[in-house]
Amino acid sequence: MSDSVAPGVAKPPDKEISQSLLAEQVKLAFSQIGFGLLATMFCAIAYMIVVWDVVPFARLLTWFTALTALTFIRRLASTVFFRQKPGAQEAFRWSVIFNAGAFVSGSLWGIAGVFLFPENFIGHQVFLILLVAGLSAGATSTYTAIKWAPSLFILPSMGILTIKVFTIGGGVYPEMGVVMAFYTFAILGSASRINRATMNALSLRFENVGLIEELEKTNKKIRQLSEATFDGVMVHDKGEILFTNNVLPEMFGYTVEEVKGLNALDFVAPKHRSFAKDKMLSGAEEPYETTGIRKDGLRVPVEIHGKPVPYEDRIVRMVAIRDLT
């Protein structure tokens, strides 16, 4: 009898893996959004207090109301996401929702650099620049689970503000604009590196899950094949018996429970054990004949055919024993 195991466990399609990976990215992104929303509102309130007397109240109130409404909607979206627990098929839709929130939030901070920018108060201007720079830096970590989310926040916020600084001209504004542009590219690069690291970690996780599933399926096939034969079958690791079919104990006069405490070589007659051990340790796959021994001491001619197979988390030896009587 050949003790080969049916090869090839079908892997899930690439599309299914991609959907599952995106689903994990979205889940991670929404799980981190809470602190970012809190920081956004804190910065918005702080800016309102600082520029209260130097920016038209109607503009300031309109901007703050829009940002507050957006923050509430994003918080609500996060709550709905975790309550519904959407499947992998819905991951793309939720990623779009997350990205849209990041873009609108970044745009509102960019708009602040145009309509809420105190023209003649450099201290207030620097304060706004520091707020937006800090929020953009935070986006590189809180939004980075989804590839484009950090860019969708950083580019409209820092980008519009940088252009505004360049258009002022004179004084130190050109130098400030250069520094802001450099900073923007730096944090975009940092966000990209963090995203790659996150993707690698998630991909490795899915690879490990896939390997475990393949091993479980292989173990199941081993058991199914062993029970479908008239030969005695065992799986052992250097003699330590890990599994036998129901035929093997019956063939040698043991109960299933008794077999659990035996060594694989206990089924071979004593004077032939050295030969059988050499075959076992060498990993030989060709069948050979020898003399087996039953529980009652009766010797029986047997044919043994073994080969290495994956079992649980290791490579072990699967052996088929045929009674030649």
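First residue of the sequence shown: 1, per full-length UniProt numbering; consecutive thereafter. Think of the CB as a built atom: it goes at the ideal place given N, C-alpha and C, for glycine as much as any other residue.
Below 8 Å, too few C-beta pairs join the region 236-245 and the region 282-289 to call them touching: fewer than three.
Within a 10 Å sphere around the beta-carbon of S105 sit 16 or more other beta-carbons, which makes this residue buried.
DSSP, read as helix, strand or coil, puts A139 in helix.
Secondary structure note for I315: its beta strand (DSSP E) is the uninterrupted segment R314 to D323. For the options R193, A276 and L152, the alpha carbon positioned closest to that of V96 is the one of L152.
DSSP places R273 within a helical segment (H, G or I) once states are collapsed to three. Looking at the backbone, the Cα of A191 and that of L202 are separated by about 16 Å.
Within the same chain, A88 and A91 come within 6 Å of A23 by CB-CB distance, once the 5 residues on both sides are set aside. By the Cβ rule, the region 48-65 does not count as touching the region 157-168, because fewer than three pairs are nearer than 8 Å.
Counting every other CB atom within 10 Å of its CB across the protein chains shown gives T255 a total below 16, marking it as exposed.
DSSP, read as helix, strand or coil, puts G292 in strand. The region 125-136 and the region 67-78 do not touch, with fewer than three beta-carbon pairs separated by less than 8 Å. With a beta-carbon spacing of about 6 Å, F98 and V26 fall inside the 8 Å limit used to define contacts. DSSP links T244 through a beta bridge to M234.
Take the alpha-carbon of M199 and the one of Q19: they are about 13 Å apart. Here N263 is bridged, per DSSP, to E240.
Within 10 angstroms of the beta-carbon of R93 lie fewer than 16 other beta-carbons, which makes it exposed. Within the region 20-56, no run of beta strand (DSSP E) at least 3 residues long lies entirely inside it. For G110, same chain residues with a beta-carbon under 7 Å away, outside a window of 5 residues either side, are P156, S157, G159, I160 and L161 in chain order. Between L108 and W148, the gap from beta carbon to beta carbon reaches 8 Å or more. Looking at I122, G138 and A133, the one whose alpha-carbon comes closest to that of G170 is I122. The C-beta distance from K260 to I241 rounds to 7 Å, short enough to fall under 8 Å. I73 carries a helical assignment under DSSP once its states are collapsed to helix, strand and coil. The continuous beta strand (DSSP E) containing G306 extends over residues R299 to Y311. The criterion of a C-beta distance shorter than 8 Å is not satisfied by I321 and V309. Around the beta carbon of K279, a 10 Å sphere encloses 16 or more other beta carbons of the protein chains shown; the residue is thus reported as buried.
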